[in-house]
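Novice:
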Amino acid sequence: MMEEINNVYIFVADSLRWDALPEAAGSDGVVFKTVAQSLYSPPSFATLATGLYPQQHGVTGWAKQFPDGVKTFFDLEDVSTGFFQKSGSAADPIYDAVSVEGKTNLDELETPFFYMERDMTPHVPFNGYDSVAEYFDGIGGDYEKLQRDYRAAAERSFAKFQSRVEQIKDTLDEDDTMFVFTSDHGELLGEYGDVVHTFPACPELVYVPTVMMTPGGTDDVETAVESNGIIEHVDVVETIARRFTDDFQTAGADLFTDERSREWGYNFARSTRNGMTFYTADSIWWENAGYSRQTNRRTERLLLAIYMMTRSAEKPALWSDPMSLLKTYINTSHTFGDPPISPSAAENEIDDIRKTIQTREAEESALSDTSRDRLKDLGYIQ
1 MMEEINNVYI
11 FVADSLRWDA
21 LPEAAGSDGV
31 VFKTVAQSLY
41 SPPSFATLAT
51 GLYPQQHGVT
61 GWAKQFPDGV
71 KTFFDLEDVS
81 TGFFQKSGSA
91 ADPIYDAVSV
101 EGKTNLDELE
111 TPFFYMERDM
121 TPHVPFNGYD
131 SVAEYFDGIG
141 GDYEKLQRDY
151 RAAAERSFAK
161 FQSRVEQIKD
171 TLDEDDTMFV
181 FTSDHGELLG
191 EYGDVVHTFP
201 ACPELVYVPT
211 VMMTPGGTDD
221 VETAVESNGI
231 IEHVDVVETI
241 ARRFTDDFQT
251 AGADLFTDER
261 SREWGYNFAR
271 STRNGMTFYT
281 ADSIWWENAG
291 YSRQTNRRTE
301 RLLLAIYMMT
311 RSAEKPALWS
321 DPMSLLKTYI
331 NTSHTFGDPP
341 ISPSAAENEI
351 DDIRKTIQTR
361 EAEESALSDT
371 SRDRLKDLGY
381 IQ
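Read left to right, the sequence shown gives residues 1 to 382 (the UniProt record's numbering).
1) Quick check: what's the CA-CA separation for residue 78 versus residue 100?
2) So what does residue 71 bridge to, in DSSP terms?
3) With a floor of 3 residues, list each beta strand (DSSP E) that falls wholly inside the segment 224–296, ordered by position along the chain.
4) If I measure Cβ to Cβ from residue 6 and keep anything under 7 Å in the same chain, skipping five residues before and after, which residues do I get?
5) Assign residue 10 to buried or exposed, taking buried as 16 or more other Cβ atoms, counted over all protein chains shown, within 10 Å of its Cβ.
6) Given 8 Å as the limit, is there contact between the segment 122–129 and the segment 298–307, that is, 3 or more CB pairs closer than that?
7) Scan the UniProt domain "Sulfatase N-terminal" (103–242) and note each continuous alpha helix (DSSP H) run of 4 residues or more that stays entirely inside, going in chain order.
8) With 16 other CB atoms within 10 Å as the buried threshold, where does residue 330 fall?
9) Do residue 353 and residue 266 come within 7 Å of each other at the CB atom, strictly closer than that value?
10) According to the neighbour-count rule (16 or more other Cβ atoms, all chains shown, within 10 Å of its Cβ), is residue 404 buried or exposed?
11) Which same chain residues, not among the five before or five after residue 45, have their C-beta less than 6 Å away from its C-beta?
12) What's the gap between the Cα of residue 248 and the Cα of residue 242?
13) Tell me, please, whether the segment 248–264 touches the segment 50–63 by the rule of three or more beta-carbon pairs shorter than 8 Å.
14) Using alpha carbons as the reference points, say which of 12, 269 and 230 lies closest to residue 197.
15) Counting only the same chain and skipping the five closest in sequence on each side, list residues whose C-beta sits under 7 Å from that of residue 188.
16) Report, in whole angstroms, the separation of the C-beta atoms of residue 122 and residue 15, which I expect to be a contact under 8 Å.
17) Does residue 324 come out as helix, strand or coil in the three-state DSSP assignment?
18) In chain order, what residues of the same chain lie with their CB nearer than 6 Å to the CB of residue 312, ignoring the 5 residues before and after it?
19) Restricting to runs no shorter than 3 residues, where is the beta strand (DSSP E) found entirely within the segment 298–364?
20) Flag this pair as yes or no: are the beta carbons of residue 257 and residue 236 separated by less than 7 Å?
21) Helix, strand or coil: which one does DSSP assign to residue 10?
22) Which residues does DSSP pair with residue 86 in a beta bridge?
23) So, for residue 74: in the same chain, excluding its five sequence neighbours on each side, which residues have a beta-carbon less than 6 Å away from its beta-carbon?
24) Would you kindly work out how many angstroms separate the C-alpha atoms of residue 135 and residue 154, rounded to a whole number?
25) Inspect the beta-carbon positions of residue 339 and residue 291 and report whether they are closer than 7 Å.
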């Protein structure tokens, strides 16, 4: 019998890809290979707050807010909720992405509680640099250096999670608390001649880890462990939501009680700047294979690649293999690994799931100067 869960703490390590999860994580809980629902923070965090696919919640980029009718964990009744991020200011746009006013400290919580923390440790820049541009100006195309810095940051991030778990156990009720470690998206470390994230749809950005620690241990998630090898962010949210209420509709499956209905997970990416769509892609992912369809115009993707190589914060790192980078963005579709179905069948699966997703348009909001400075330091805007 599953033991009662009244509290949930979810730690989101920004930019932590699946293969960067420290080995020690396996001893702390049940580890799931997870399909992230998007490729950068706003849509992925919005999914982690709602359990909806990006088109359903509408927050597909910065400066967007949930439309009316979208419910988040932070709207739960009779539950103490909070969001925390140590870095950044009160104007950080991540707060809009999850629809909270600002950060909440642990000592402000009461049982029952839902608490989400964003940790920027695995996100460039590393080693004391103040911005992504400064970091890549410093290391250039030294991918081995980037990989070492990133792996060390991943270790530090998981150690932070472990420390937070102990802090919560010491100060709050540990017997009925579920702890979750996951990531919003992965990271490129030189693959395809590319670095960081946001695009393109590829395994290094889509697959992230999820570690669940529950009062009942592995028995609580035995069904999920024996399932088809992958879960989705929406499944993580559904599993958490059911611990609090049945009145919270998501697109996922409860890993404690249900079997996932599909053998694959879905990812959606869209990036727009100055009113122009530079990148859109739908992709589906099995445990070790995937298929992506880049859906905006090829000329737009070519402009994006040229912009990245000449004006982006990471441009010093994008000249080691420019042909691979250009090919990645110019080609309309990509197959990764050995999918169990043909490309045409994968196209049909993508078309079918898109038909089931109700699209909502997010409300636009203006970025403050402080928010713009923050996004510039993180390499999202110039």
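Beta carbons are placed, not taken as given, at the ideal position from N, Cα and C, and that holds for glycine.
Specialist: Answer, in terms of the structure:
1) As a working mapping, residue 78 is identified with position 78 in the sequence shown. As a working mapping, residue 100 is identified with position 100 in the sequence shown. Going by the C-alpha atoms only, they are around 17 Å apart.
2) Taking the sequence shown and counting its residues from 1, the one referred to as residue 71 is at position 71. For residue 71, which the question treats as bridged, DSSP gives no partner whatsoever.
3) 230–232, 265–273, 276–285 and 290–294
4) By 1-based counting over the sequence shown, the position of residue 6 is 6. Once the five neighbours on either side are set aside, the close Cβ partners of residue 6 are 111, 112 and 176.
5) In the sequence shown, counting from the first residue as 1, residue 10 sits at position 10. So residue 10 ends up on the buried side.
6) no
7) 132–139, 143–171, 203–206, 222–225 and 233–241
8) Here residue 330 refers to the residue found at position 330 when the sequence shown is read from its first residue. Exposed, since its Cβ has fewer than 16 Cβ neighbours within 10 Å.
9) As a working note, residue 266 is residue 266 in the sequence shown. As a working note, residue 353 is residue 353 in the sequence shown. Yes, they are a contact pair.
10) In the structure displayed, the chain extends from 1 to 382; residue 404 sits before or after that span and is not available.
11) Looking up residue 45 in the sequence shown gives position 45. Hits under 6 Å: 97, 98 and 184.
12) Within the sequence shown, the letter at position 248 stands for residue 248. Within the sequence shown, the letter at position 242 stands for residue 242. Rounded to whole angstroms, residue 248 to residue 242 spans 8 Å at the Cα level.
13) yes
14) Position 197 of the sequence shown, counted from the start, is the residue given in the question as residue 197. When each option's Cα is compared against that of residue 197, the closest is 269.
15) Counting from 1 along the sequence shown, the entry for residue 188 is found at position 188. Here the set comprises 194, 195, 196, 197, 204 and 205.
16) On the sequence shown, residue 122 is found 122 positions in, with the first residue counted as 1. On the sequence shown, residue 15 is found 15 positions in, with the first residue counted as 1. Right, their Cβ atoms sit about 5 Å apart.
17) The sequence position of residue 324 within the sequence shown is 324, counting from 1. Helix, per DSSP.
18) Position 312 of the sequence shown, counted from the first residue, corresponds to residue 312. Cβ within range, chain order: n/a, list empty.
19) 333–336
20) Along the sequence shown, one-based indexing puts residue 257 at 257. Along the sequence shown, one-based indexing puts residue 236 at 236. Going by C-beta atoms, residue 257 is not nearer than 7 Å to residue 236.
21) As a working mapping, residue 10 is identified with position 10 in the sequence shown. Of the three classes helix, strand and coil, the one that applies to residue 10 here is strand, per DSSP.
22) Translated into positions along the sequence shown, residue 86 becomes position 86. The partner list for residue 86 (beta bridge, DSSP) is empty, contrary to what the question assumes.
23) One-based indexing of the sequence shown puts residue 74 at position 74. Counting only Cβ-Cβ distances below 6 Å, and skipping sequence neighbours, we find 81 and 100.
24) For the purposes of this step, residue 135 is identified with residue 135 of the sequence shown, where counting begins at 1. For the purposes of this step, residue 154 is identified with residue 154 of the sequence shown, where counting begins at 1. Going by the C-alpha atoms only, they are around 17 Å apart.
25) Residue 339 sits at position 339 when you count from the first residue of the sequence shown. Residue 291 sits at position 291 when you count from the first residue of the sequence shown. Cβ distance < 7 Å, so residue 339 and residue 291 count as in contact.
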